[in-house]
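Taking it in order: structure first as structure tokens, then the write-up.
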Amino acid sequence: MAKVLLQINHLKTVLDSFTLRDISFTATAGDIIGIIGENGSGKTSLLKSIVGIYPLSDGNIHLDTDQIGFAFDSIPFPQKLTIKELSNVLKNLLPSWQSKTFDAYVDSFNLPRNTPLEKFSKGMKMQFSVAVTLSHKASLLLFDEITSGLDPIVRNTVLEAIKNYVITNHAAVIMTTHNLDDVIKIGTRFILLDNGKIILERSINYDDNATSLEQDFVQAVKDWGNQR
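Set out below in structure tokens:
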């Protein structure tokens with residue numbers, strides 16, 4: 001039986017103008033869970049609640065690992081530094097840092113080593129964040145809109161890197177996305193959020209496509225609307 005790495009029970013997070021309500025799900029080793037929903041549905045707020053950026057108002061989160069990696073849309077790295085310089089910084093900050101692994105991802109993503117981050121495009125910065133996240137032996141990885149701004153070839157390279165990492169390291173991934181193809185390509189299941197609440201959760205099947213998922217989404221939103 002796969003190891004449970006994350007257990008969320010009836011999570012509630014109250015923000016200034018938004019509330020996540022009664023969120024419950026688990027993530028086990030091998031899971032790649034896509035969090036889907038419209039802008040403002042609570043996707044990023046959920047990830048930030050999991051890592052403790054937003055305090056819980058109710059419920060609880062049980063983590064069976066202290067090795068967590070995350071990549072959000074805005075990266076907290078010094079923009080004046082190059083990848084080469086940042087690798088040396090991270091080596092001193094993270095006991096589990098793997099320089100050779102990081103170098104391999106940098107090469108795979110074709111990122112320049114001697115260019116300051118401030119000169120990177122949004123897509124390049126996100127690839128850098130993914131490379132960092134995959135290079136310090138994290139068991140639970142959280143990704144927020146990581147394929148936003150990536151061209152199709154780079155997008156596939158990034159998604160395959162994440163999928164292979166999960167398989168090789170018996171890790172789990174929770175990723176928010178607006179792109180259903182991302183979930184279909186590497187996901188094991190998805191969660192649909194609407195107005196801060198889970199309204200649909202199901203596994204990804206081999207015969208699923210964007211149309212079949214969209215049909216499920218539309219029906220779930222209709223059913224949820226009828227219940228409110």
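Counted the way UniProt numbering counts, the sequence shown spans residues 1 to 228.
Yeah, the Cβ is synthetic: ideal placement off N, Cα and C, and Gly gets one too.
Residue i: first and last residue of the uninterrupted beta strand (DSSP E) it sits in
| i | result |
| --- | --- |
| I32 | 32-36 |
| L58 | Looking at the sequence shown, residue 58 is not Leu but Asp. Here the beta strand (DSSP E) through D58 covers 58-63. |
| K197 | 197-203 |
Same chain, Cβ closer than 6 Å to residue i, five either side skipped, listed in chain order
| i | result |
| --- | --- |
| I41 | Strictly speaking, residue 41 in this sequence is Ser, with Ile absent from that position. Counting only Cβ-Cβ distances below 6 Å, and skipping sequence neighbours, we find L193, D194. |
| A2 | T28, A29, G30 |
| D73 | D144, E145 |
Opening and closing residue of the alpha helix (DSSP H) in which residue i lies
| i | result |
| --- | --- |
| residue 236 | The requested residue 236 is not part of the displayed model; the chain covers only 1 to 228. |
| L20 | Run containing L20: none in the alpha helix (DSSP H); it sits in the beta strand (DSSP E), 19-28. |
| S108 | 99-108 |
Residues bridged to residue i (per DSSP)
| i | result |
| --- | --- |
| residue 259 | Residue 259 falls outside the range modelled here, since the chain spans only 1 to 228, and no answer is possible. |
| F143 | A71, M175 |
| D194 | K197 |
| I167 | Note: I167 sits in no beta bridge, so no partner. |
Close-in-space but distant-in-sequence residues of the same chain around residue i (CB under 8 Å, 5 per side omitted)
| i | result |
| --- | --- |
| T133 | G69, F70, A71, L141, F143 |
| D182 | G34, T147, R155, L159, M175 |
Own chain partners of residue i with C-beta closer than 7 Å, once the 5 adjacent residues on each side are dropped
| i | result |
| --- | --- |
| P116 | Q79, K80, L81, T82 |
Residue i, DSSP secondary structure in three states
| i | result |
| --- | --- |
| K3 | coil |
| V14 | strand |
| I162 | helix |
| T44 | helix |
| I186 | helix |
| S49 | helix |
| N9 | strand |
### Query
With contact counted as at least three CB pairs below 8 Å, one residue from each stretch, are the stretch 84-103 and the stretch 20-34 in contact?
no
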